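Asks: Per numbering that gives the first Met the number 0, residue 0 is the first one in the sequence shown, and the count goes up by one each step. Glycine included, C-beta positions come from ideal geometry on N, C-alpha and C. Fair warning: this is a prediction, and the values are worked out from it, not measured in the lab. Starting off with a structure, shown below.
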Amino acid sequence: MTFREFDKMSFYPSRIQEHFNAPRNVGDLEDADAVGEEGSLVCGAIVRLSLKIDAAGQTITDAKFKTLGCGFLVACASALTETIRDLPISRAASLNTDAITDWFGGLAPARMHCAVLCRNALHAALADYHSARQEEWTGEDEALICTCFGVSERSIESAISTRSLCTIEQVTRACNAGGGCRSCHPLIEDILDDFWRTRSTPGIS
């Protein structure tokens with residue numbers, strides 16, 4: 000009996016065992032739009048996610064993973080890739096570990112770090128995607144605020160000024176900024192605050 004055959008026998012709970020024996024979406028995506036890795040100094044495990052993202056719809060169209068770790072980590076990565084496929088990146092960015100552990104009816108506290116590693120790898124992949132969008136930005140001297148939809152600071156300021164917008168939700172409806180992963184919401188809030196602060200200051204219009 001090989002080590003893998005022994006490991007498959009009954010070491011893991013049944014739902015974990017199912018994903019360990021037949022993990023979904025294993026491998027690396029060719030021409031991935033985003034790649035994220037996360038490792039653990041505690042157990043030495045590593046997980047890597049690669050994503051394909053539809054830029055127009057801001058949706059994850061495909062996801063694959065590779066791991067170096069235990070069956071719990073394999074199962075968590077398998078479940079995560081199934082969860083995020085065809086998911087808007089705004090929803091993917093807001094997922095917590097429950098989105099992974101619910102596949103298995105929860106995980107023991109000692110195994111929760113496997114779900115955390117996978118979630119962090121997803122966040123790293125989305126950060127990689129946004130960094131790439133910023134590098135591709137061709138707006139010359141304009142600051143890129145929303146990397147998901149390619150909306151500049153000047154465009155947001157113009158929308159606020161012409162439509163008297165007061166909230167992030169209104170800005171999103173007007174020009175799409177903030178409608179993706181929402182990581183730019185603090186920046187949009189700052190732009191709104193600055194705009195209306197200058198309008199409320201005597202002598203400034």
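Closer than 7 angstroms by C-beta to aspartate 53: which residues in its own chain qualify, once you throw out the five before and the five after it? Chain order, please.
Replies: For the purposes of this step, residue 53 is taken as residue 54 along the sequence shown, with counting starting at 1. Only Thr60 meet the Cβ criterion.
Asks: Quick one: complete beta strand (DSSP E) runs, 3+ long, within the stretch 40-118?
Replies: For the stretch 40-118, whole beta strand (DSSP E) runs of length 3 or above, ordered along the chain, are 45-53, 58-67.
Asks: Quick check: the stretch 176-192 against the stretch 141-151, are at least 3 beta-carbon pairs closer than 8 angstroms?
Replies: Short answer: they touch.
Asks: Threonine 80: buried (16+ other C-beta within 10 angstroms of its C-beta) or exposed?
Replies: The residue given as residue 80 occupies position 81 in the sequence shown. It is buried - the Cβ of threonine 80 has at least 16 other Cβ atoms within 10 Å.
Asks: In angstroms, rounded to a whole number, what distance separates the CA positions of asparagine 95 and threonine 197?
Replies: As a first step, residue 95 must be located in the sequence shown, where it is residue number 96. As a first step, residue 197 must be located in the sequence shown, where it is residue number 198. Using only the alpha carbons, I get a separation of about 38 angstroms.
Asks: At which residue ranges does the stretch 146-187 contain complete beta strand (DSSP E) runs of 3 or more residues, listed in the order of the chain?
Replies: Taking only runs of at least 3 residues, no beta strand (DSSP E) segment lies wholly in the stretch 146-187.
Asks: Please report the Cβ distance between valine 41 and histidine 112, rounded to the nearest whole angstrom; I am assuming they are in contact, meaning their Cβ atoms lie under 8 angstroms.
Replies: Numbered from its first residue, the sequence shown carries residue 41 at position 42. Numbered from its first residue, the sequence shown carries residue 112 at position 113. That pair is a contact at about 7 angstroms.
Asks: For glutamate 36 versus alanine 92, is the C-beta distance shorter than 8 angstroms?
Replies: Numbered from its first residue, the sequence shown carries residue 36 at position 37. Numbered from its first residue, the sequence shown carries residue 92 at position 93. No; because the gap between Cβ atoms is not below 8 angstroms, this pair is not in contact.
Asks: Within 10 angstroms of its Cβ, does alanine 74 collect 16 or more other Cβ (buried), or is it exposed?
Replies: Position 75 of the sequence shown, counted from the start, is the residue given in the question as residue 74. Counting Cβ neighbours within 10 Å, alanine 74 comes out buried, since at least 16 surround it.
Asks: Taking the C-alpha atoms as reference points, what is the distance between arginine 84 and serine 77?
Replies: Mapped onto the sequence shown, residue 84 falls at position 85. Mapped onto the sequence shown, residue 77 falls at position 78. Roughly 11 angstroms separates the two Cα atoms.
Asks: Looking at valine 46 and phenylalanine 64, is the spacing between their C-beta atoms short of 8 angstroms?
Replies: For this step, residue 64 is matched to residue 65 along the sequence shown. For this step, residue 46 is matched to residue 47 along the sequence shown. Yes.
Asks: Spatial neighbours of aspartate 27 within its chain, please: CB distance less than 7 angstroms, with the 5 preceding and 5 following residues excluded, ordered by chain position.
Replies: Locating residue 27 in the sequence shown gives position 28, counting from the first residue. The answer, listed in chain order, is Ser49, Lys63, Lys65.
Asks: Between tryptophan 195 and aspartate 189, what straight-line distance do the alpha-carbon atoms span, to the nearest angstrom?
Replies: Here residue 195 corresponds to residue number 196 of the sequence shown, with the count starting at 1. Here residue 189 corresponds to residue number 190 of the sequence shown, with the count starting at 1. Approximately 10 angstroms between the Cα atoms of the pair.
Asks: Pull up the distance between the alpha-carbon of valine 115 and that of tyrosine 11, whole angstroms please.
Replies: The residue given as residue 115 occupies position 116 in the sequence shown. The residue given as residue 11 occupies position 12 in the sequence shown. If I take the Cα positions, the gap works out to 19 angstroms.
Asks: For threonine 100, tell me which candidate among Arg181, Ile15, Glu152, Leu191 has the shortest Cα-Cα distance.
Replies: In the sequence shown, residue 100 corresponds to position 101, counting from 1. With distances taken between Cα atoms, threonine 100 lies closest to Ile15.
Asks: Out of Ile187, Val150, Leu72, which one is the CA nearest neighbour of asparagine 119?
Replies: Locating residue 119 in the sequence shown gives position 120, where the first residue counts as 1. Residue Leu72 is the option with its Cα nearest to asparagine 119.
Asks: Name the DSSP bridge partner or partners of leucine 143?
Replies: Taking the sequence shown and counting its residues from 1, the one referred to as residue 143 is at position 144. Answer by DSSP bridge pairing, in chain order: Ser151.
Asks: Which residue from Gln57, Gly104, Pro108 puts its Cα closest to that of arginine 90?
Replies: As a working note, residue 90 is residue 91 in the sequence shown. The shortest Cα separation from arginine 90 among Gln57, Gly104, Pro108 belongs to Gln57.
Asks: Between Glu17, Ser39, Pro185, which has its C-alpha nearest glycine 70's C-alpha?
Replies: Here residue 70 refers to the residue found at position 71 of the sequence shown. Ranking the options by Cα distance to glycine 70, first place goes to Glu17.
Asks: Exposed or buried, proline 185, counting other C-beta atoms within 10 Å across all chains shown (16 or more means buried)?
Replies: The residue labelled residue 185 in the question sits at position 186 within the sequence shown. With fewer than 16 Cβ atoms within 10 Å of its Cβ, proline 185 is classed as exposed.
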